[in-house]
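If you read the sequence shown in the working numbering, its first letter stands for residue 202, the second for the next number, and so on. Ideal placement from N, C-alpha and C gives every residue a C-beta, glycine not left out. All of these numbers come straight from a predicted model, not from anything done at the bench. These notes are about the structure you will find just below.
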Amino acid sequence: MTIKFFNKVYGCQANVADSEGLSKFLLGLGCSQANIESDADLIIINTCAVREKAEQKLFSFIGRLADLKKAKPYLKIGIIGCVASYKKQELYTSFDCINFVHGAREEIGMLQEYLKEIVLHLQQVKQKHQANPIAKIRSIKQVRDIKNFLSKIKNQAPILNKESISNLNLKIHACGTQQISDSDLLLRSHINIMTGCNKYCAYCIVPFTRGREISYPFAEILQAVKKDLDRGVKEINLLGQNVNSYIDPETRAKFPELLKQVADLAGDFWVRFVSAHPQDMTQDLFDVMSQHRDKLTAYLHFPLQSGSNKILKAMNRNYSAEEFLQKIEWARMALQGLTITTDIIVGFPGETEEDYLETRKLMEVIKFDQIYSFVYSKRQYTKAFSMSDDCPESVKLKRLMDLQARQREISLERNQAWIGKTLKILVEKQLENGKLLARTEGNTRILVDSHTSLTGKFTNACVENASVVNLFGKLVD
Ligand code: 5AD
Ligand code: SF4
Numbered sequence: 202m203t204i205k206f207f208n209k210v211y212g213c214q215a216n217v218a219d220s221e222g223l224s225k226f227l228l229g230l231g232c233s234q235a236n237i238e239s240d241a242d243l244i245i246i247n248t249c250a251v252r253e254k255a256e257q258k259l260f261s262f263i264g265r266l267a268d269l270k271k272a273k274p275y276l277k278i279g280i281i282g283c284v285a286s287y288k289k290q291e292l293y294t295s296f297d298c299i300n301f302v303h304g305a306r307e308e309i310g311m312l313q314e315y316l317k318e319i320v321l322h323l324q325q326v327k328q329k330h331q332a333n334p335i336a337k338i339r340s341i342k343q344v345r346d347i348k349n350f351l352s353k354i355k356n357q358a359p360i361l362n363k364e365s366i367s368n369l370n371l372k373i374h375a376c377g378t379q380q381i382s383d384s385d386l387l388l389r390s391h392i393n394i395m396t397g398c399n400k401y402c403a404y405c406i407v408p409f410t411r412g413r414e415i416s417y418p419f420a421e422i423l424q425a426v427k428k429d430l431d432r433g434v435k436e437i438n439l440l441g442q443n444v445n446s447y448i449d450p451e452t453r454a455k456f457p458e459l460l461k462q463v464a465d466l467a468g469d470f471w472v473r474f475v476s477a478h479p480q481d482m483t484q485d486l487f488d489v490m491s492q493h494r495d496k497l498t499a500y501l502h503f504p505l506q507s508g509s510n511k512i513l514k515a516m517n518r519n520y521s522a523e524e525f526l527q528k529i530e531w532a533r534m535a536l537q538g539l540t541i542t543t544d545i546i547v548g549f550p551g552e553t554e555e556d557y558l559e560t561r562k563l564m565e566v567i568k569f570d571q572i573y574s575f576v577y578s579k580r581q582y583t584k585a586f587s588m589s590d591d592c593p594e595s596v597k598l599k600r601l602m603d604l605q606a607r608q609r610e611i612s613l614e615r616n617q618a619w620i621g622k623t624l625k626i627l628v629e630k631q632l633e634n635g636k637l638l639a640r641t642e643g644n645t646r647i648l649v650d651s652h653t654s655l656t657g658k659f660t661n662a663c664v665e666n667a668s669v670v671n672l673f674g675k676l677v678d
């Protein structure tokens with residue numbers, strides 16, 4: 202009896218990696234992925250606490266699931282990730298439909314135990330239901346006493362610490378690798394190389410929800426990468442809140458060494474990493490990237506946050522606009538054709554129009570390929586929570602609109618610069634109109650005409666046209 206699960210992911214790539222690990226684990230238990238939530242027997246929602254909006258979306262999504270559960274009483278719903286870390290009790294008390302809440306700092310081994318138990322229970326319920334659909338609801342109580350089990354786990358779950366490191370996410374990546382056929386999981390994989398963050402940027406809740414930084418063992422990471430390559434993955438994403446401070450707990454090897462060893466593995470594949478922190482970015486990392494251009498992509502996500510030195514200081518970012526610019530210059534010197542993306546926050550407490558214009562000016566000098574920009578969102582526990590802020594929301598929104606409008610022009614200009622060039626591309630899928638959807642080394646989307654699918658393959662394309670977010674091209678032999 203196949204149990205269908207649905208993983209809903211809000212938030213950053215660390216959440217994508219965690220949910221990907223859970224998908225692999227559940228596939229390993231013999232479950233299959235549902236395409237939509239209404240088709241699932243088990244729904245796991247990975248939550249993001251970075252901005253209030255994401256939390257609001259989460260709450261309305263859970264509200265909708267409550268209706269789904271009325272129609273399918275045996276449906277199990279679990280909440281994991283950052284909101285699960287700091288609003289565990291509130292989630293349990295606000296939503297009856299939730300079966301378990303497992304925070305981002307809790308041991309993953311324990312989550313695997315719940316999931317095994319839940320899947321076993323669901324298998325029994327579904328079997329009874331198929332044998333006698335009319336008696337389905339009455340039969341639920343007679344299968345395993347899952348209610349008791351679930352109420353017990355509400356009070357368990359120790360906090361992650363260095364001793365529990367062997368139970369961390371990487372173990373999940375090792376599970377069930379033989380049975381994975383899902384095309385998304387085959388194309389690219391996301392591997393957390395560390396968890397938590399020690400930076401304590403004044404606006405950011407992550408150090409409170411994910412805890413302090415812990416790097417995973419080098420050998421385990423390499424092992425996980427090898428496993429993914431063996432099953433045909435073409436793009437490896439190494440993830441950490443601040444990959445530059447990665448340090449192997451055993452040998453003290455640092456991130457450039459890890460990247461080098463990953464790039465030395467056999468095969469035709471690409472490697473990306475997020476996020477680099479400008480304060481800790483060193484020249485040797487760019488050197489390693491330039492020495493392994495075949496595998497280490499010329500792509501850098503480099504979060505600026507603000508171009509005003511006053512605001513950067515208040516944000517506790519520990520670099521100046523000038524230092525940021527210098528590192529961009531190093532990067533562009535080392536890596537020709539480099540694609541650079543960034544994160545920018547507008548409306549941080551105390552940001553004046555002049556401060557905003559500093560950000561705008563720096564953006565004009567650097568010309569990022571894409572930006573991810575946000576209005577500052579006040580978050581509990583953070584240093585900025587108690588900072589006075591007299592800038593109206595409407596002014597902040599106006600700054601955001603202005604920033605994004607200018608960036609659209611810059612993105613178009615940057616994309617148009619590729620016209621006439623031939624690029625290596627990785628094909629994601631064939632669309633209904635026959636076109637191939639692929640990505641370039643710089644992670645830009647490219648649409649290509651083709652008669653054959655080529656999904657999951659590297660090929661070459663000549664860029665013929667460009668829009669703000671896409672390139673368009675034709676295949677080249
Ligand atoms: N408000 C707005 N944006 C935030 N980010 C992090 N915390 C906040 C916040 N409180 C943004 C930063 C970070 C990205 C992942 O989210 O730009 O780099
Ligand atoms: Fe948050 Fe700063 Fe850590 Fe990034 S580096 S996760 S913004 S505290």
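Can you look up Arg494 in the DSSP assignment and give me helix, strand or coil? coil
My output table needs one value for Thr560: the three-state DSSP class, helix, strand or coil. helix
For Val664, collect the residues of the same chain with a Cβ closer than 6 angstroms to its Cβ; drop the 5 residues on either side in sequence, then sort them by chain order. Counting only Cβ-Cβ distances below 6 angstroms, and skipping sequence neighbours, we find Trp619, Ile620, Lys622, Leu672 and Gly674.
With respect to 7 angstroms, is the separation between the Cβ of Lys400 and the closest non-hydrogen atom of the ligand SF4 below this value? yes
Around the ligand 5AD, Cβ to any heavy atom closer than 6 angstroms, ordered along the chain: Cys213, Val251, Arg252, Tyr404, Cys405, Pro504, Gln506, Asp544, Ile546, Phe575, Tyr577, Ser578 and Arg580
Where Asn208 sits in the DSSP three-state scheme: Of the three classes helix, strand and coil, the one that applies to Asn208 here is strand, per DSSP.
May I ask you to report which of helix, strand or coil DSSP gives Cys663? strand
CB-CB under 8 angstroms to Asn517, same chain, minus the five flanking residues each way: which ones, in chain order? Around Asn517: Lys400, Tyr401, Cys402, Ala403 and Lys584.
Straight-line gap, Glu458 to Leu466 (C-alpha atoms, nearest Å): 13 angstroms
Can you list, in chain order, the residues of its chain with a C-beta nearer than 7 angstroms to that of Val426? Leave out the 5 residues immediately preceding and following it. Ile392, Ile437, Val463 and Leu466
In angstroms with no decimal places, state the Cα-to-Cα distance between Leu351 and Asp678. 57 angstroms
Please report the straight-line C-alpha distance between Phe296 and Glu256, rounded to a whole angstrom. 14 angstroms
Please report the distance separating the alpha-carbon of Arg453 from that of Ala305. 25 angstroms
For Gln527, count neighbouring C-beta atoms within 10 Å of its own C-beta (all shown protein chains included) and say buried if the count is 16 or more, exposed if not. It is exposed - the Cβ of Gln527 has fewer than 16 other Cβ atoms within 10 Å.
Buried or exposed, going by whether 16 or more other CB atoms sit within 10 Å of the CB of Phe586? Result: exposed.
Span separating the alpha-carbon of Gln324 from that of Asp429: 29 angstroms
Look up Gln571 in the DSSP assignment and say whether it is helix, strand or coil. Three-state DSSP puts Gln571 in a strand.
Segments assigned alpha helix (DSSP H), at least 4 residues, entirely inside the region 442 to 501: 456 to 464 and 484 to 492
Using the Cβ count rule (16 or more neighbours within 10 Å means buried), how would you classify Ala267? exposed
Cβ atoms of Ser507 and Phe549: under 8 angstroms apart, would you say? yes
Measuring only from the beta carbon, is Pro504 closer than 7 angstroms to any heavy atom that is part of the ligand SAM? Among the ligands modelled here, namely the ligand 5AD and the ligand SF4, the ligand SAM does not occur.
With a floor of 3 residues, list each beta strand (DSSP E) that falls wholly inside the region 593 to 648, ordered by position along the chain. Qualifying beta strand (DSSP E) stretches, in chain order: 623 to 631 and 637 to 641.
Return the chain-ordered list of same chain residues with a C-beta closer than 6 angstroms to the C-beta of Leu513, the five sequence neighbours on each side being excluded. Ser507
Hey, could you find the ends of the alpha helix (DSSP H) Thr410 is sitting in? Val407 to Thr410
Secondary structure of Ser651, DSSP reduced to three states: coil
Would you check whether the ligand SF4 has a heavy atom nearer than 7 angstroms to the C-beta of Val444? no
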